[in-house]
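Numbering (our numbering), first residue to last: 897 to 1044. Some notes on the structure that comes next.
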């Protein structure tokens, strides 16, 4: 027969307290990992971003970790409303005129002078390519953060 201590209220409360502590530690570890990974992606995105005046590079930012019921995420990208449309056009590599004509963008001399970075040329898809550069790191770091 099981001992009374195994079923004691004190033992149960201690177990609940420990589980709460583990939950808080896990949340903190995930938040730190997401922030670190977002910083790495933004650093690479700045090196890959088109450069005309530097406004786009300066507008790249990292948001706060957001929590929903069963997920966590962090927003990253362009923070400034002034360069939002420019950032989108530069990322996609084209824009549509008022008449509906598609105009394709090509890197200017300042962007071209940046040269290749980690196998990618600066210009269109700068944010997407920065994520691709960090894909293995993202998987490894999240795996570590979720391990007990």
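Note that CB positions come from ideal geometry on N, CA and C, so glycine has one too. Predicted model only: the values in this text are computed from it and were never measured.
Exercise for review: In the DSSP assignment, find the beta strand (DSSP E) that holds residue 974 and state where it starts and stops.
Suggested key: As a position in the chain shown, residue 974 is number 78, starting the count at 1. Element bounds for residue 974: 968–974.
Review point. What are the boundary residues of the alpha helix (DSSP H) that residue 1010 is part of?
Key: Position 114 of the chain shown, counted from the start, is the residue given in the question as residue 1010. Start and end: 1005–1010.
Point to revise | Given residue 974 as reference, the closest of 958, 963, 988 once Cα atoms are compared | key: The residue you call residue 974 lines up with position 78 of the chain shown. With distances taken between Cα atoms, residue 974 lies closest to 958.
**Study point:** the region 955–972 in contact with the region 920–939 per 3-pair CB rule at 8 angstroms
**Key:** yes
Review point. What's the C-alpha gap between residue 987 and residue 1041?
Key: Along the chain shown, one-based indexing puts residue 987 at 91. Along the chain shown, one-based indexing puts residue 1041 at 145. Computed Cα separation, rounded: 31 angstroms.
Check your understanding: What does a CB cutoff of less than 7 angstroms around residue 1023 pick up in its chain, not counting 5 residues either side in sequence?
Key -> To locate residue 1023, count along the chain shown from 1; it is residue 127. Only 941, 973, 987 meet the Cβ criterion.
**Study point:** Range covered by the beta strand (DSSP E) that runs through residue 1027
**Key:** Within the chain shown, the letter at position 131 stands for residue 1027. No beta strand (DSSP E) contains residue 1027, which is instead part of the alpha helix (DSSP H) from 1022–1029.
Check your understanding: Can you tell me whether residue 1035 is buried or exposed, with buried defined as 16 or more other CB within 10 angstroms of its CB?
Key -> As a position in the chain shown, residue 1035 is number 139, starting the count at 1. Its Cβ having fewer than 16 others within 10 Å, residue 1035 is exposed.
Practice item. Inspect the CB distances between the region 1008–1024 and the region 982–997 and report whether three or more fall short of 8 angstroms. Key: yes
Point to revise | Reduced DSSP category for residue 965 - H, G, I as helix; E, B as strand; rest coil | key: Here residue 965 is taken as the residue at index 69 of the chain shown, counted from 1. Correct three-state label for residue 965: coil.
Practice item. Determine the closest residue to residue 1002 out of 948, 929, 907, with distance taken between C-alpha atoms. Key: For the purposes of this step, residue 1002 is identified with residue 106 of the chain shown, where counting begins at 1. Minimum Cα distance to residue 1002 is reached at 948.
Exercise for review: Could you spell out where the beta strand (DSSP E) holding residue 1000 opens and where it closes?
Suggested key: Position 104 of the chain shown, counted from the first residue, corresponds to residue 1000. Segment 998–1000, the beta strand (DSSP E) holding residue 1000.
Exercise for review: Would you please state the rounded distance, in angstroms, between the beta carbons of residue 982 and residue 952? I believe it to be under 8 angstroms.
Suggested key: Here residue 982 corresponds to residue number 86 of the chain shown, with the count starting at 1. Here residue 952 corresponds to residue number 56 of the chain shown, with the count starting at 1. Residue 982 to residue 952, Cβ: 7 angstroms. Contact.
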